[in-house]
Amino acid sequence: MPLKSGLTILGSNSSIPNFNRMCTSHIFQVENSLYMIDCGEGTQLQLTKFGISRNKIKAIFISHFHGDHLYGLPGLLTSYMHFSRTEPLLIVGPKGLKKWLDCTFEISQAYFDFEIEILETDTKVGTEVYKDDKVRVETFELFHRIPTQGYVFTELEKELKIRKEKISEYQLSVDEIIKLKRGETIDREEISIKPEDACFPKERPGKYVFMSDTIPLESIPESCMDANLLYHEATYLHDMKEKAIERGHSTSIHAALTAQKANARQLILGHFSSRYLETDPFLAEAKTVFDNTFLAEDGQFYPLHFNDHHL
6 MPLKSGLTIL GSNSSIPNFN RMCTSHIFQV ENSLYMIDCG EGTQLQLTKF GISRNKIKAI
66 FISHFHGDHL YGLPGLLTSY MHFSRTEPLL IVGPKGLKKW LDCTFEISQA YFDFEIEILE
126 TDTKVGTEVY KDDKVRVETF ELFHRIPTQG YVFTELEKEL KIRKEKISEY QLSVDEIIKL
186 KRGETIDREE ISIKPEDACF PKERPGKYVF MSDTIPLESI PESCMDANLL YHEATYLHDM
246 KEKAIERGHS TSIHAALTAQ KANARQLILG HFSSRYLETD PFLAEAKTVF DNTFLAEDGQ
306 FYPLHFNDHH L
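Quick look at the structure:
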């Protein structure tokens, strides 16, 4: 995987793996730190297929307890016995997650050589559930057939990056480079060097929002606004909008309208029903409302920042 911020889709289908599309799982990456969102059936296979190290996953975030988002988790966790994991692992999910995992591991007599911390949440109350030196993660309520939550991943502000040619131009010392990267001004007798004189422009922290599974939201949580990447489920095409709502899902048009309301920069459609062999019609529909829309494809990497790569 490239060492930059972005999203890798491990599975883009809905309840049943089909047409080379596996069940829902995402890897969100900030540089060399990886975070998993949902862990449907086949997730281990996808990690191996796409060359993603499971030992680099720092935390796992579960949206709800339907099998296509969860049933790959016990297998992934027990696989760590074969990969010599020693780092602690945080798993976040709705209330009931600990009971389900404890029951599974008690019956199978699984054991672990690393610490597993489980954080259970109230899906109706959006809250910060994780923070490290790279990213902050918040939850928000989604509306499905069972308690469900979405996730907002926001990059923390990074140090400024020095322009290499400015190091020689200003004869910068190591200490001066460190100060400039922190946003401090260097005062010399003959000149003052401001961060903007030697550094690239500051990049706005990126934001990735995960919305699956859900009917269309009536109002957009403030935390979800202005995302670089918005992933929204599109289980059905819009001619099946009544069935979508009845089943607690959305259509491609619903997803596009949500992206529009949320002022997202890019929309990624996923969670396609197995009734659809081809997914291009989803893209065509969504683009009538929100042009900057892309299809989730298993194994595809979607950069968080436009200047990294245009999709």
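According to the numbering used here, the sequence shown is numbered sequentially starting from 6. Positions of the beta carbon are idealized from the N, C-alpha and C atoms, including for glycine. Remember, it's a predicted structure, so these values are computed and weren't measured experimentally.
Cβ neighbours of residue i in the same chain (closer than 6 Å, five flanking residues each side left out)
i, result
"serine 20", "Asp73"
"alanine 269", "Ala232 and Leu235"
"tyrosine 135", "Ala64 and Val142"
"glycine 77", "Cys44, Gly45, Glu46 and Thr48"
"valine 97", "Phe66, Leu124 and Val134"
"histidine 310", "Gly211"
"lysine 292", "Thr298"
"threonine 109", "Pro79"
"leucine 300", "Leu274, Thr284 and Leu288"
Local Cβ density within 10 Å of residue i, reported as buried at 16 or more and exposed below that
i, result
"glutamine 271", "buried"
"histidine 314", "At histidine 314 the pLDDT is 44, less than 50, meaning the model places this residue with poor confidence and gives no usable figure here."
"threonine 153", "buried"
"aspartate 43", "buried"
"alanine 115", "exposed"
"valine 35", "buried"
"lysine 54", "exposed"
"phenylalanine 117", "exposed"
"histidine 259", "buried"
"valine 179", "exposed"
"glycine 253", "buried"
"isoleucine 183", "exposed"
Cα-Cα separation, residue i to residue j
i, j, result
"glutamate 227", "tyrosine 307", "23 Å"
"threonine 219", "valine 140", "25 Å"
"glycine 155", "serine 30", "13 Å"
"valine 130", "methionine 216", "15 Å"
"histidine 248", "glutamine 49", "Before going on, a small fix: residue 248 reads as lysine here, not histidine. For lysine 248 and glutamine 49, the distance between alpha carbons rounds to 32 Å."
"leucine 316", "threonine 298", "At leucine 316 the pLDDT is 45, less than 50, meaning the model places this residue with poor confidence; the figure from the coordinates comes in the next sentence. Those two C-alpha atoms are separated by around 10 Å."
"glycine 304", "isoleucine 14", "5 Å"
"serine 10", "arginine 209", "13 Å"
"glutamate 290", "leucine 274", "11 Å"
"serine 257", "phenylalanine 277", "10 Å"
"serine 17", "cysteine 28", "6 Å"
"glutamate 302", "glutamate 283", "12 Å"
"isoleucine 151", "serine 68", "10 Å"
"leucine 185", "proline 200", "5 Å"
"phenylalanine 24", "leucine 106", "30 Å"
"aspartate 138", "leucine 161", "7 Å"
"valine 157", "phenylalanine 33", "11 Å"
"leucine 52", "leucine 12", "13 Å"
"glutamate 194", "lysine 163", "29 Å"
"glutamate 244", "glutamine 265", "Rather than glutamate, the amino acid found at residue 244 in this sequence is aspartate. Roughly 20 Å between the two C-alpha positions."
"lysine 246", "arginine 280", "15 Å"
"aspartate 192", "glutamate 170", "19 Å"
"leucine 81", "glutamate 181", "45 Å"
Rounded Cβ spacing between residue i and residue j (contact assumed at less than 8 Å)
i, j, result
"leucine 235", "proline 286", "Their Cβ separation, rounded to whole angstroms, is 20 Å, which puts leucine 235 and proline 286 out of contact at 8 Å."
"lysine 63", "tyrosine 85", "Not quite, the Cβ-Cβ distance comes to about 13 Å (not below 8 Å), so this is no contact."
"phenylalanine 119", "threonine 91", "5 Å"
"serine 224", "histidine 237", "In fact, because the Cβ distance is near 15 Å, the residues do not count as touching under 8 Å."
Of the residues the options, the one placed nearest residue i, counting alpha carbons only
i, options, result
"cysteine 204", "Lys212, Tyr213 and Glu189", "Glu189"
"asparagine 37", "His31, Glu46, Asn60 and Thr144", "Asn60"
"arginine 26", "Glu111, Gly45, Leu12 and Ser217", "Gly45"
"valine 214", "Thr128, Ala267 and Ala249", "Ala267"
"glutamate 251", "His149, Asn297, Ser279 and Glu195", "His149"
"threonine 128", "Ser113, Thr144 and Asp138", "Thr144"
"leucine 177", "Leu161, Ile196 and Glu162", "Ile196"
"aspartate 296", "Arg280, Ala261, Leu282 and Glu283", "Ala261"
"threonine 240", "Leu288, Glu201 and Leu161", "Leu288"
"cysteine 229", "Gly211, Glu162 and Leu185", "Gly211"
"leucine 222", "Ile183, Asp192 and Thr263", "Thr263"
"lysine 103", "Tyr281, Phe88 and Leu75", "Leu75"
"leucine 147", "Glu111, Thr109, Pro99 and Ile182", "Pro99"
Other residues of its chain near residue i: CB distance less than 8 Å, five sequence neighbours each side excluded
i, result
"arginine 168", "Ala203, Cys204 and Phe205"
"glycine 101", "Phe70 and Glu125"
"glutamate 122", "Pro93, Leu94, Leu95 and Ile96"
"serine 113", "Pro79 and Thr83"
"phenylalanine 88", "Arg59 and Asn60"
"threonine 132", "Thr126, Glu143 and Thr144"
Contacts around residue i, its chain only, beta-carbon distance under 7 Å, and the 5 residues preceding and following it disregarded
i, result
"lysine 207", "Leu165"
"serine 173", "none"
"tyrosine 175", "Ile198 and Ala203"
"proline 22", "Cys28, Glu46 and Gly47"
"valine 294", "Ile258, Ala261, Leu262 and Gln265"
"lysine 187", "Lysine is not the amino acid found at residue 187; the sequence shown has arginine there. So the list reads Glu164, once near-sequence residues are dropped."
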